[in-house]
Amino acid sequence: MSVANQAAAAPSAALPSLKTFRRIVIKAGSSLLIDREQGCVKRRWLESLAQDIADLHAQGTDVLVVSSGSIALGRTVLGLPGGGLKLEDSQAAAAVGQIALARIWAEVLADRKITAGQILVTLGDTEERHRYLNARATIGRLLDLRAVPVINENDTVATSEIRYGDNDRLAARVATMTSADLLILLSDVPGLYTAPPSENPAAELVAVVARVDAVIEAMAGGGGSALSRGGMRTKIEAAKIATAGGTHMLIADGRVAHPVSRLHALVPCTWFLTSSNPVTARKKWIAGSLEPRGALHVDAGAAKAIANGKSLLPAGVTRVEGNFTSGDCVLIRNAQAAEIGRGLVGYDASEAVLIAGRNSQDIPALLGTPGRAVIIHQDDMVLARDRITAWEAGTDGKS
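Going by the numbering used here, the letters in the sequence shown line up with residues 150 to 548, in that order.
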């Protein structure tokens with residue numbers, strides 16, 4: 150039986166429903182957003198996508214958008230030629246196009262009583278842990294305030310050596326960083342085929358991918374659009390990132406109106422499923438993949454709060470050890486110096502010393518600048534008992 154037939158044999162009832170997801174990242178590429186001939190946004194299509202987002206938002210789902218299109222828009226305004234651009238021309242086009250793109254997103258969402266927030270990120274913002282925490286905290290606060298973050302790579306400053314180069318992988322990093330449980334890649338094809346459809350008319354759509362392996366990777370072709378920097382290969386890479394982080398992913402046809410809401414009708418698409426979830430995957434990563442750079446000793450009250458799933462507040466810290474920086478992994482030790490957990494610390498060691506034992510309200514006066522109310526957030530923490538489980542499952546190790 151072929152891979153496609155095996156996928157088709159899987160019962161549709163076993164596939165997740167959009168209604169079950171609490172946080173969804175939607176990625177829209179340049180070929181969908183931008184009218185290549187006119188050099189402008191496909192406004193009617195974008196309005197339909199905005200309505201899909203509003204419908205999800207109304208049911209309480211957190212929605213994030215990863216949007217391409219800034220370079221495609223900017224190059225038209227600046228009169229830059231078609232084809233590949235030099236790095237400096239791409240950066241100039243992005244600087245002009247990003248303004249227009251952000252304005253359009255703000256308008257279509259505001260028409261539906263939703264506030265948009267623009268987030269521009271570079272590779273380091275999701276790969277370096279202290280910047281990762283900052284970006285994650287900002288996006289999290291926007292979601293708490295029921296805004297929709299619209300995210301793009303900061304092409305105006307990213308060089309070819311320090312960029313993603315495509316928004317598929319960026320979207321996957323954003324999904325795992327924000328603990329989203331679903332990533333939707335809107336594409337100019339309905340999903341993954343057993344071979345590139347443009348080359349093989351007999352190619353079959355793969356409905357479900359339980360695991361990305363060499364067979365699945367071999368199915369991916371190159372880019373299908375002059376405006377797109379990605380292709381099916383980058384989507385497969387995105388699937389590997391997303392599913393490893395506990396995020397389901399699907400590739401769906403974005404060329405039609407209301408490309409997300411139509412997924413309720415089980416239209417043809419490709420699901421990449423994960424057996425994990427964002428919280429579990431994140432806990433395993435903290436538990437076994439990071440070398441601790443220091444330790445925070447806590448009092449009995451803080452130890453009890455942590456055991457009950459609470460964040461670690463500065464007031465509960467009695468002693469600081471090590472020379473760590475914000476985003477590093479540190480141990481959490483109780484009054485008997487036993488490890489009760491570990492997590493990603495929100496402050497440098499020098500700052501942690503200053504705020505240890507103090508109320509969170511004192512942080513601005515102590516540091517001279519506003520800071521986080523917690524020193525380790527509960528989402529960035531794993532308890533010792535959970536770490537033992539991760540070790541027994543074979544996930545423990547050192548980077």
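Backbone N, C-alpha and C define an ideal beta-carbon position, used for all residues, glycine too.
Item: Closest by CA to Val531, which one among Leu493, Ala501, Leu515, Ala505?; Value: Leu493
Item: Out of Glu488, Ser460, Ser179, Gly273, which has the shortest C-alpha to C-alpha gap to Asp317?; Value: Ser179
Item: Does the pairing of the segment 502–510 with the segment 455–468 give three or more beta-carbon distances under 8 Å?; Value: yes
Item: Taking just the CA atoms, how far does Val405 sit from Val257?; Value: 18 Å
Item: Between which two residues does the alpha helix (DSSP H) containing Lys176 stretch?; Value: Segment 172–177 is the beta strand (DSSP E) holding Lys176; no alpha helix (DSSP H) there.
Item: Which word fits His446, buried or exposed, when buried means at least 16 other C-beta atoms lie within 10 angstroms of its C-beta?; Value: buried
Item: The alpha helix (DSSP H) with Leu549 in it runs from where to where?; Value: Any question about residue 549 goes unanswered here, given that the chain covers just 150 to 548.
Item: For Leu164, which three-state DSSP category applies?; Value: coil
Item: State yes or no: is the C-beta of Ser217 within less than 8 Å of the C-beta of Ala177?; Value: yes
Item: Just checking my contact of Met368 with Thr343 at CB under 8 Å: how many whole Å lie between their CB atoms?; Value: 6 Å
Item: For Ser336, is the classification buried or exposed, using 16 other Cβ atoms within 10 angstroms of its Cβ as the cut-off for buried?; Value: buried
Item: Would you list, in sequence order, the uninterrupted beta strand (DSSP E) runs of no fewer than 3 residues that lie entirely inside the segment 403–477?; Value: 419–421, 443–447, 466–471
Item: Buried or exposed: Ser548, going by 16 or more other Cβ atoms within 10 Å of its Cβ?; Value: Since pLDDT at Ser548 reaches only 30, below the 50 mark, its modelled position is unreliable, and the value read off the structure follows with that caveat. Burial call: exposed.
Item: Beta carbon of Val297, beta carbon of Val212: below 8 Å?; Value: yes
Item: Do Leu341 and the ligand MN come close, with the Cβ less than 7 Å from some heavy atom?; Value: For the structure depicted, the ligand MN is absent and the ligand set is empty, with no information on it obtainable.
Item: When we look at the beta-carbon of Asn301 and count the other beta-carbons within 10 Å, is it buried (16 or more) or exposed?; Value: buried
Item: For Ala259, which residues from the same chain have a beta carbon less than 8 Å from its beta carbon, with the 5 sequence-adjacent residues on both sides left out?; Value: Ala265
Item: Let me know the secondary structure DSSP gives His397 once reduced to three states.; Value: strand
Item: Check whether the segment 416–425 and the segment 435–455 are in contact - that is, three or more C-beta pairs closer than 8 Å.; Value: no
Item: Residue range of the beta strand (DSSP E) that Leu213 falls in?; Value: 211–216
Item: Roughly how many angstroms lie between the CA atoms of Gly471 and Ala163, to the nearest whole one?; Value: 48 Å
Item: Return the chain-ordered list of same chain residues with a C-beta closer than 6 Å to the C-beta of Arg224, the five sequence neighbours on each side being excluded.; Value: Ala242
Item: What's the gap between the Cα of Gln247 and the Cα of Ala486?; Value: 51 Å
Item: Roughly how many angstroms lie between the CA atoms of Arg431 and Gly403, to the nearest whole one?; Value: 30 Å
Item: Whose CA, out of Ala393, Ala356, Ala436, lies closest to the CA of Cys418?; Value: Ala356
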